[in-house]
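Only one structure is covered here, and it is reproduced in the block below.
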Amino acid sequence: MPKRRKPDPLLLRVCAELGAGRITEAYISDPKWHVDGLCEFGPRGRVTISPHYQTVDSLVHELIHRLQPEWSESYVRGRTTRLVRALTEQQLQTIYDEYQKRKRTRKSPVVVEEN
Ligand SMILES: [Zn+2]
Numbered sequence: 001m002p003k004r005r006k007p008d009p010l011l012l013r014v015c016a017e018l019g020a021g022r023i024t025e026a027y028i029s030d031p032k033w034h035v036d037g038l039c040e041f042g043p044r045g046r047v048t049i050s051p052h053y054q055t056v057d058s059l060v061h062e063l064i065h066r067l068q069p070e071w072s073e074s075y076v077r078g079r080t081t082r083l084v085r086a087l088t089e090q091q092l093q094t095i096y097d098e099y100q101k102r103k104r105t106r107k108s109p110v111v112v113e114e115n
């Protein structure tokens with residue numbers, strides 16, 4: 001995020017809306033598309049967020065790097081996209097659940113050193 005910029009007034013409204021709650025985390029099952037989020041319109045509308053696809057996409061990407069460190073970034077991206085798009089809902093949920101079981105959560109950020 002750029003520093004010392006006048007904050008976008010929409011950001012303040014988004015943060016206030018976050019504070020209002022009515023947010024659910026759930027897997028969203030759609031027969032046609034992969035869906036990351038849904039919004040019921042209207043002032044009392046509920047927002048539903050599904051972190052599954054994005055998380056599994058990042059996880060698979062990094063695991064491929066670990067398996068094949070010699071592969072280029074763009075090649076890993078391509079292989080990840082193809083692999084994750086081909087997952088069934090059940091496979092996606094299974095990988096997500098396994099990740100939830102195996103992950104270790106750190107409170108402090110991991111700082112990436114400049115090269
Ligand atoms: Zn990468």
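Numbering-wise (my numbering), the sequence shown opens with residue 1 and increments by one. A virtual CB, placed ideally from N, CA and C, is assigned to each residue, including glycine. All figures in this text were calculated on a predicted structure; none of them were measured in a lab.
Can you look up Asp-38 in the DSSP assignment and give me helix, strand or coil? Along the sequence shown, read from residue 1 onward, the residue named residue 38 stands at position 38. The residue asked about is misnamed: residue 38 is Leu in this sequence, not Asp. Strand at Leu-38.
What is the C-beta distance between His-61 and Thr-80, in whole angstroms, given that I count them as a contact (C-beta under 8 Å)? For this step, residue 61 is matched to residue 61 along the sequence shown. For this step, residue 80 is matched to residue 80 along the sequence shown. The Cβ separation is near 4 Å, so the contact holds.
Pull up the distance between the alpha-carbon of Arg-46 and that of Glu-40, whole angstroms please. On the sequence shown, residue 46 is found 46 positions in, with the first residue counted as 1. On the sequence shown, residue 40 is found 40 positions in, with the first residue counted as 1. Roughly 5 Å between the two C-alpha positions.
If you draw a straight line from the C-alpha of Tyr-145 to the C-alpha of Val-76, how long is it? The structure shown does not extend to residue 145, since the chain spans only 1 to 115, so no value can be given for it.
Would you mind stating whether Glu-25 and Thr-48 have Cβ atoms separated by less than 9 Å? Mapped onto the sequence shown, residue 25 falls at position 25. Mapped onto the sequence shown, residue 48 falls at position 48. Result yes, Cβ atoms of Glu-25 and Thr-48 sit closer than 9 Å.
Short Cβ contact (9 Å threshold) for Ile-95 with Leu-59: Taking the first residue of the sequence shown as position 1, residue 95 is located at position 95. Taking the first residue of the sequence shown as position 1, residue 59 is located at position 59. Yes. Within cutoff.
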